[in-house]
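Notes to accompany the following structure.
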Amino acid sequence: MKQFVAILSVLLATLLLAEAARIRRDEKYTTKYDNINLDEILESDRLLDNYFKCLLEKGKCTPEGTELKSHIEDALQNDCAKCSEKQKEGAAKVIKFLYKNKPEQWKELQEKYDPNNTYTKKYEDKLKDTTS
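All the letters of the sequence shown, read from the start, carry residue numbers -20 to -1, 1 to 112 under mature numbering (1 follows the signal peptide of the UniProt record, and there is no 0).
In C-alpha coordinates:
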(Lines of atoms letter the chains of each structure in order from A and count residues from 1; the text may use other names and numbers.)
(Lines give C-alpha, C1' and ligand atoms only; values in the text may rest on other atoms or scores of the structure.)
Protein backbone atom coordinates (compact mmCIF):
# COMPACT_ATOMS: atom_id res chain seq x y z
CA MET A 1 0.00 0.00 0.00
CA LYS A 2 2.84 2.40 0.85
CA GLN A 3 4.36 1.76 -2.57
CA PHE A 4 1.06 2.58 -4.25
CA VAL A 5 0.79 5.87 -2.32
CA ALA A 6 4.39 6.76 -3.19
CA ILE A 7 3.87 6.01 -6.89
CA LEU A 8 0.60 7.94 -6.88
CA SER A 9 2.33 10.91 -5.19
CA VAL A 10 5.13 10.93 -7.79
CA LEU A 11 2.61 10.66 -10.61
CA LEU A 12 0.53 13.52 -9.20
CA ALA A 13 3.62 15.70 -8.72
CA THR A 14 4.70 15.00 -12.32
CA LEU A 15 1.26 15.93 -13.65
CA LEU A 16 1.23 19.15 -11.63
CA LEU A 17 4.68 20.13 -12.91
CA ALA A 18 3.67 19.38 -16.50
CA GLU A 19 0.52 21.49 -16.14
CA ALA A 20 2.48 24.36 -14.59
CA ALA A 21 4.94 24.25 -17.51
CA ARG A 22 2.08 24.25 -20.03
CA ILE A 23 0.42 27.24 -18.37
CA ARG A 24 3.72 29.12 -18.37
CA ARG A 25 4.23 28.38 -22.10
CA ASP A 26 0.73 29.59 -22.96
CA GLU A 27 1.18 32.78 -20.94
CA LYS A 28 0.96 36.03 -22.90
CA TYR A 29 1.74 39.62 -21.97
CA THR A 30 -1.24 41.77 -21.10
CA THR A 31 -2.97 43.45 -24.04
CA LYS A 32 -4.20 46.21 -21.76
CA TYR A 33 -1.94 48.79 -23.45
CA ASP A 34 -2.13 47.51 -27.03
CA ASN A 35 -4.13 50.54 -28.18
CA ILE A 36 -1.62 53.12 -26.97
CA ASN A 37 -0.93 55.72 -29.67
CA LEU A 38 2.69 54.99 -30.59
CA ASP A 39 2.76 57.71 -33.26
CA GLU A 40 1.88 60.32 -30.65
CA ILE A 41 4.75 59.14 -28.44
CA LEU A 42 7.28 58.91 -31.28
CA GLU A 43 6.35 62.37 -32.57
CA SER A 44 6.73 64.00 -29.15
CA ASP A 45 10.27 64.41 -27.83
CA ARG A 46 8.84 65.01 -24.35
CA LEU A 47 6.79 61.79 -24.29
CA LEU A 48 9.51 59.72 -25.93
CA ASP A 49 12.10 61.05 -23.49
CA ASN A 50 9.88 60.09 -20.54
CA TYR A 51 9.63 56.48 -21.76
CA PHE A 52 13.33 56.45 -22.55
CA LYS A 53 14.22 57.59 -19.02
CA CYS A 54 11.83 55.00 -17.60
CA LEU A 55 13.48 52.16 -19.52
CA LEU A 56 16.93 53.30 -18.41
CA GLU A 57 15.76 53.73 -14.81
CA LYS A 58 16.59 57.43 -14.92
CA GLY A 59 13.05 58.68 -14.44
CA LYS A 60 9.54 57.80 -13.34
CA CYS A 61 7.51 55.29 -15.31
CA THR A 62 3.92 55.45 -16.42
CA PRO A 63 1.92 52.25 -15.83
CA GLU A 64 2.49 51.21 -19.46
CA GLY A 65 6.20 52.05 -19.17
CA THR A 66 6.44 49.87 -16.08
CA GLU A 67 4.71 47.04 -17.95
CA LEU A 68 7.05 47.38 -20.92
CA LYS A 69 10.14 47.51 -18.74
CA SER A 70 9.06 44.39 -16.84
CA HIS A 71 8.89 42.33 -20.05
CA ILE A 72 11.57 43.76 -22.34
CA GLU A 73 14.32 41.30 -21.42
CA ASP A 74 12.01 38.28 -21.65
CA ALA A 75 10.70 39.49 -25.02
CA LEU A 76 14.24 39.84 -26.35
CA GLN A 77 15.29 36.43 -25.09
CA ASN A 78 12.21 34.64 -26.46
CA ASP A 79 11.69 36.48 -29.75
CA CYS A 80 8.58 38.16 -28.36
CA ALA A 81 6.86 34.76 -28.08
CA LYS A 82 4.42 36.09 -25.46
CA CYS A 83 3.62 39.24 -27.47
CA SER A 84 0.35 39.81 -29.27
CA GLU A 85 0.57 40.58 -33.00
CA LYS A 86 -0.13 44.22 -32.21
CA GLN A 87 2.74 44.26 -29.70
CA LYS A 88 5.11 42.73 -32.26
CA GLU A 89 4.11 45.35 -34.84
CA GLY A 90 4.49 48.13 -32.27
CA ALA A 91 7.91 46.89 -31.18
CA ALA A 92 9.08 46.80 -34.81
CA LYS A 93 7.77 50.32 -35.38
CA VAL A 94 9.50 51.73 -32.29
CA ILE A 95 12.77 49.93 -33.04
CA LYS A 96 12.75 51.18 -36.63
CA PHE A 97 12.07 54.73 -35.46
CA LEU A 98 14.80 54.73 -32.80
CA TYR A 99 17.34 53.03 -35.06
CA LYS A 100 16.80 55.56 -37.86
CA ASN A 101 15.95 58.77 -35.97
CA LYS A 102 17.37 58.52 -32.46
CA PRO A 103 20.67 56.62 -32.76
CA GLU A 104 22.01 57.97 -29.45
CA GLN A 105 18.97 56.72 -27.55
CA TRP A 106 19.06 53.44 -29.46
CA LYS A 107 22.70 52.98 -28.43
CA GLU A 108 21.92 53.62 -24.75
CA LEU A 109 19.04 51.13 -24.79
CA GLN A 110 21.26 48.64 -26.56
CA GLU A 111 23.99 49.08 -23.93
CA LYS A 112 21.49 48.44 -21.13
CA TYR A 113 19.44 45.60 -22.61
CA ASP A 114 21.96 44.02 -25.00
CA PRO A 115 25.48 44.80 -23.74
CA ASN A 116 26.98 41.77 -25.52
CA ASN A 117 25.12 42.43 -28.81
CA THR A 118 23.46 39.03 -28.49
CA TYR A 119 20.06 40.22 -29.70
CA THR A 120 21.45 42.80 -32.09
CA LYS A 121 23.30 40.00 -33.88
CA LYS A 122 20.26 37.74 -33.71
CA TYR A 123 17.98 40.38 -35.26
CA GLU A 124 20.60 42.01 -37.50
CA ASP A 125 18.69 41.26 -40.72
CA LYS A 126 15.55 42.88 -39.32
CA LEU A 127 17.58 45.92 -38.28
CA LYS A 128 19.10 46.19 -41.76
CA ASP A 129 15.59 46.12 -43.23
CA THR A 130 14.74 49.22 -41.20
CA THR A 131 17.23 51.32 -43.14
CA SER A 132 15.37 50.77 -46.42
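In this text, a Cβ means the ideal position worked out from N, Cα and C, and glycines have one as well.
Exercise. In chain order, what residues of the same chain have a beta carbon less than 6 Å from the beta carbon of H51, not counting five sequence neighbours either side?
Worked result: Y9
Exercise. Between the C-alpha atoms of T11 and N17, what's the straight-line distance to the nearest angstrom?
Worked result: 14 Å
Exercise. For C34, which option in L22, K49, K82, D94 has the closest C-alpha, if you only look at C-alpha atoms?
Worked result: K49
Exercise. When burial is assigned at 16 or more other CB atoms within 10 Å of the CB, is Q67 buried or exposed?
Worked result: buried
Exercise. Can you list, in chain order, the residues of its chain whose CB lies under 8 Å from that of L78, leaving out five sequence neighbours each side?
Worked result: Q85, W86, L89
Problem set entry | Cα-Cα separation, A1 to A61 | Note on A1: pLDDT 47, under 50, position unreliable in the model; no value is reported.
Exercise. Residue ranges of each alpha helix (DSSP H) run of no fewer than 4 residues wholly in the stretch 33 to 84, ordered along the chain?
Worked result: 43 to 57, 65 to 81
Problem set entry | Secondary structure of I3, DSSP reduced to three states | Confidence at I3 is low in this model, with a pLDDT of 44, below 50, so its placement is unreliable and the value that follows should be read with caution. It is helical.
For this session: Out of D14, C41, N15, E37, point me to the one whose CA is closest to L27's CA.
Result: C41
For this session: Please classify K101: does DSSP put it in a helix, a strand, or coil?
Result: helix
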